[in-house]
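Everything below concerns the one structure shown next.
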Amino acid sequence: MHPHLHTKDNIGCEEVMVALEECHAKGFMWKAMGMCNGEKEALTKCLRAERVKMQDANRSSRSEKKDKIRQVWKEIDENS
């Protein structure tokens, strides 16, 4: 498994990552015959869900920052 996947942002997918690692540890032929495809698909879905959550959080914090900036500019315009 890639080390960058084991980060604080993907903590919700830790179980799925471990399951995929265990499947890959069964050997090359096991992987080559597609026996780990279910685990890989589950990991992809989990990582996507984590990314969507992070994007939503970033989007909401960005809106709050924009609102603060608009308020500051409004106060500046009113006081000028």
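Per the UniProt record's numbering, the very first residue in the sequence shown carries number 1; after that it's consecutive.
Backbone N, C-alpha and C fix where the C-beta goes; we use that ideal spot for every residue, glycine too.
Thinking C-alpha only, which one of the options is nearest residue i?
i	options	result
E21	K8, M33, G12, K40	K40
G34	R62, D56, C23	C23
E15	K8, A32, N37, L43	L43
A19	N37, D9, N79	N37
C13	G27, A49, A57, A32	A49
Here's the rule I'm using: 16 or more other beta-carbon atoms within 10 Å means buried, otherwise exposed. How should residue i be labelled?
i	result
M29	exposed
M17	buried
When DSSP labels each residue in this structure, what does residue i get in the three-state scheme?
i	result
S63	helix
**Item:** Completely contained alpha helix (DSSP H) runs for the segment 26 to 60, where each covers 4 or more residues
**Value:** 28 to 32
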